[in-house]
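The numbering of the sequence shown is full-length UniProt numbering, which starts it at 1 and goes up by one.
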Amino acid sequence: MEQAQTRLELFYSQVLAFATLYGGKVLLAIITLLVGLWVIGWISKLLTSTMTRRHVDRDVQPFLLSLVNGLLRVLLLLSIASTLGVQTTSFVAIIGAAGLAVGLALQGSLANFAGGILILIFKPFRVGDLISAQGFTGNVEAIRIFDTTLVTLDNKTIILPNGSLSTSALTNISTKGVIRVDQVYGVGSQNDLDATKASIQKVVNACPYALKDRQHDVLIAKLNPNSREYDVRVWTKSENFWDTHYYMLENIARQFGKDGIEAPKPKMFITNEA
Numbered sequence: 001m002e003q004a005q006t007r008l009e010l011f012y013s014q015v016l017a018f019a020t021l022y023g024g025k026v027l028l029a030i031i032t033l034l035v036g037l038w039v040i041g042w043i044s045k046l047l048t049s050t051m052t053r054r055h056v057d058r059d060v061q062p063f064l065l066s067l068v069n070g071l072l073r074v075l076l077l078l079s080i081a082s083t084l085g086v087q088t089t090s091f092v093a094i095i096g097a098a099g100l101a102v103g104l105a106l107q108g109s110l111a112n113f114a115g116g117i118l119i120l121i122f123k124p125f126r127v128g129d130l131i132s133a134q135g136f137t138g139n140v141e142a143i144r145i146f147d148t149t150l151v152t153l154d155n156k157t158i159i160l161p162n163g164s165l166s167t168s169a170l171t172n173i174s175t176k177g178v179i180r181v182d183q184v185y186g187v188g189s190q191n192d193l194d195a196t197k198a199s200i201q202k203v204v205n206a207c208p209y210a211l212k213d214r215q216h217d218v219l220i221a222k223l224n225p226n227s228r229e230y231d232v233r234v235w236t237k238s239e240n241f242w243d244t245h246y247y248m249l250e251n252i253a254r255q256f257g258k259d260g261i262e263a264p265k266p267k268m269f270i271t272n273e274a
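Listed below in structure tokens is the structure:
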């Protein structure tokens, strides 16, 4: 009986010593945990409202939110461990080394990820836009975190990495809603100048995709010994770019045939040498 009482007193004394030594730290750690969770929640709400206000893509918002939450919770855990007297230097070193290793292993993927975030935030193009980039031209079908998908005119699917797409030059054909289709046509110099311009103008006037409120141009661009080149500039809606391009090519060829506009004729010069 006395032995049990002695053990009980020893236990109480150890608990009291532990409470005296660590009680303040544990209480401070609990307060830090509660305040930290509240701050993380407040930052999450602020970030959500900011992304909504700036029209950040809805598919990206949960990912960014979870990423920020994860980083903040790691910092909170390190802060609590430091409050309890745990040496966090080794943990920080391990986390840094792991982050460096992962970063080196996924260097290309991280560049594509960062590029995807920039594209989704700043929106140099949107889904449905007609763009020309990396030597390809097509409509944007999807913008994902790591890559962007284009569908070309011949219905091929092109997948472009966001890293290079966000840092290189690209042409967004759809941005302004209106675009000019520029073409060059060569005819023989034996054709009457006014008759040639009138023949081209007929096709421009008949083009169903040409905007009626814009001035379209038929200009002489170059004079060659046996030919003339005409710049033809037709304004149209961005989504009708290719329709206008091919309409003009086909129908100008037909109109030239009807009006007797001939192609350049090659000339051969023969000299007699003594």
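Don't be surprised by glycine CBs; every beta carbon is placed ideally from N, CA and C. In this text the structure is predicted, and so the values were computed from the model without any measurement.
- Beta-bridge annotation (DSSP): residue 52 is not paired with any residue.
- The three-state reading of DSSP puts residue 130 in strand, counting E and B together.
- Within the segment 187-241, the runs of beta strand (DSSP E) that reach at least 3 residues and sit entirely inside it are, in chain order, 217-223 and 227-237.
- Within its own chain, the residues whose Cβ lies closer than 6 Å to the Cβ of residue 170, once the five positions on either side in sequence are excluded, are 131 and 133, listed in chain order.
- Non-local beta-carbon contacts of residue 83 in its own chain, meaning distances under 7 Å to residues more than five positions away in sequence, involve 25, 28, 29 and 32 in chain order.
- Here residue 173 is near residue 238, since their CB atoms are less than 8 Å apart.
- Taking a cut-off of 8 Å for Cβ pairs, the segment 228-237 and the segment 199-211 touch, as three or more such pairs fall below it.
- In this structure the segment 117-129 does not lie against the segment 151-160, because fewer than three pairs of beta carbons, one per stretch, are closer than 8 Å.
- Taking residue 245 as the centre and dropping the five residues before and after it, the same chain places the C-beta of 181 and 183 closer than 8 Å to its C-beta, in chain order.
- In this model, residue 73 and residue 150 are separated by some 38 Å (Cα to Cα).
- The DSSP assignment places complete alpha helix (DSSP H) segments of no fewer than 4 residues inside the UniProt domain "Mechanosensitive ion channel MscS" (109-174) at 162-167, in order along the chain.
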